[in-house]
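Chemist:
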Amino acid sequence: MKNILIKNKKAFEQKLNKIKLDGVDNLHVIADFDKTLTKAVVKGQKTHTSIAQIREGGYLSEDYVKKSFALYDKYHHFEINHKLSDEEKDRKMMEWWSRHIMLLVEEGMNQKVVEDIIKKKRILLRKGAEDFFKKLHEKNIPLLIFSAGVGYIIKGYLESEGLLYDNMHIISNFFDYDKKGTVMGYKSKIIHAFNKDEFAIKGTIYFDMIKQRKNVILIGDSLGDIDMAKGIEHKAMLKIGFLNKDIEKNKDVYERKYDALILNDGPMDFVVSILKACIIF
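Remember, the working numbering sits 1 above the position in the sequence shown when you count from 1.
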């Protein structure tokens with residue numbers, strides 16, 4: 002299949018065969034959202050994450066836009082620096098996300114902005130994503146969307162598209178609104194790209210759905226995403242990563258972390274084919 006890279010085919014097949022043999026009743030799926038289930042580039046232009054939709058939509062002041070870009074310029078290079086320790090990345094990302102939510106609160110960010118972003122359908126799912134959601138729902142395979150983005154935007158968009166099914170659960174940054182719909186902060190501790198391992202799934206509704214399921218397919222686009230299933234025991238974990246840019250620069254480190262890579266912002270077809278293979282086995 003085009004744009005698919007599997008360095009250790011034997012290990013990949015062993016994990017896949019284990020998942021097939023154990024059946025769909027023993028399987029669950031964990032996926033990132035932005036640039037994993039959604040496109041990273043459209044017509045040569047980078048797409049905007051759920052949080053960046055707020056900045057790009059012109060909803061808040063020019064001062065907010067300026068300060069938001071300044072935070073990006075200050076912190077993004079830490080996010081993509083593979084030489085930094087996990088602890089240092091965690092600290093820098095927490096600084097970034099914390100300062101950004103403070104900006105949103107100062108600007109009077111409100112629920113109407115979220116509703117307008119959802120209404121304008123500015124989120125672009127990857128080709129094959131709808132089939133991915135439907136296949137999981139048809140076979141009652143639990144799906145956890147684990148995102149450092151804006152929970153209400155993700156949830157609202159999927160609901161508006163008729164794609165939020167009862168087998169799905171979202172762990173993300175959900176705004177805490179006051180009675181007037183003004184953002185006061187986040188409802189719980191900030192989730193960023195490199196602390197998803199800290200958020201124990203145990204004790205959540207999702208854990209009740211998957212506690213008897215010992216195999217998982219994990220899908221992400223960052224090195225932080227590989228930790229989304231930490232804290233849960235698994236017999237087999239098949240990790241599929243989207244390597245959307247700087248392929249030659251990042252290929253080696255991504256190959257060490259993921260079992261299979263989808264290159265060049267490719268579609269969900271490979272993931273769907275894996276699901277189908279598990280379903281019909």
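A virtual CB, placed ideally from N, CA and C, is assigned to each residue, including glycine.
Is Ala41 helix, strand or coil by DSSP?
Modeler: Correct three-state label for Ala41: coil.
Chemist: Buried or exposed: which applies to Leu262, given that a residue is buried once 16 or more other Cβ atoms fall within 10 Å of its Cβ?
Modeler: That one is buried.
Chemist: Apart from the five residues just before and just after Asp270, which ones in its own chain have a Cβ nearer than 8 Å to its Cβ?
Modeler: Excluding positions up to five away in sequence, the list reads Met2, Lys128 and Gly129.
Chemist: May I ask you to list the residues that DSSP assigns as paired with Leu6?
Modeler: Bridge partners of Leu6: Leu262.
Chemist: For Thr48, which option in Ile124, Glu14 and Glu63 has the closest C-alpha, if you only look at C-alpha atoms?
Modeler: For the residues Ile124, Glu14 and Glu63, the minimum Cα distance to Thr48 belongs to Ile124.
Chemist: Which residue marks the beginning of the alpha helix (DSSP H) containing Gly157, and which one marks its end?
Modeler: Counting along the chain, the alpha helix (DSSP H) containing Gly157 begins and ends at Gly152 to Ser161.
Chemist: Rounding to the nearest angstrom, what Cα-Cα distance links Asn111 and Glu160 in this structure?
Modeler: Distance between the alpha carbons of Asn111 and Glu160: 20 Å.
Chemist: With which residues is Thr183 paired in a DSSP beta bridge?
Modeler: The partner list for Thr183 (beta bridge, DSSP) reads Asn111.
Chemist: If you measure between the beta carbons of Lys240 and Asp253, is that distance less than 7 Å?
Modeler: No, the pair does not count as a contact, with Cβ atoms beyond the cut-off.
Chemist: Helix, strand or coil for Ala1, going by three-state DSSP, please let me know.
Modeler: Coverage of the chain is limited to positions 2 through 282, which leaves residue 1 absent and any answer about it impossible.
Chemist: Measuring only the C-alpha atoms, how far is His353 from Ile20?
Modeler: Lying before the first or after the last residue shown, residue 353 is absent from the chain, which here runs from 2 to 282.
Chemist: Buried or exposed for Arg214, going by 16 or more other Cβ atoms inside 10 Å?
Modeler: Counting Cβ neighbours within 10 Å, Arg214 comes out buried, since at least 16 surround it.
Chemist: So, at 6 Å on beta carbons, what are the nonlocal neighbours of Asn265 in its own chain, with the 5 sequence-adjacent residues on each side left out?
Modeler: If we look at Asn265 and ignore the five residues flanking it on each side, its Cβ neighbours are Asn4.
Chemist: Where does Ser306 sit, in a helix, a strand or coil, going by DSSP?
Modeler: With the chain represented from 2 up to 282, any question about residue 306 goes unanswered, as that position is not in the structure.
Chemist: Touch check for the segment 95-109 and the segment 69-77: three-plus C-beta pairs under 8 Å?
Modeler: Result yes; three or more Cβ-Cβ pairs closer than 8 Å.
Chemist: Taking Leu137 as the reference, which of Arg56, Glu256, Met169 and Val106 has the closest Cα?
Modeler: It is Met169.
Chemist: Identify the residues that DSSP records as bridge partners of Met238: which are they?
Modeler: Bridge partners of Met238: Val217.
Chemist: Name, in chain order, the residues that DSSP records as bridge partners for Phe176.
Modeler: Paired residue(s): Tyr187.
Chemist: Taking C-alpha atoms, which residue in Lys190, Phe208 and Ile275 lies nearest to Ile220?
Modeler: The candidate whose alpha carbon is nearest that of Ile220 is Ile275.
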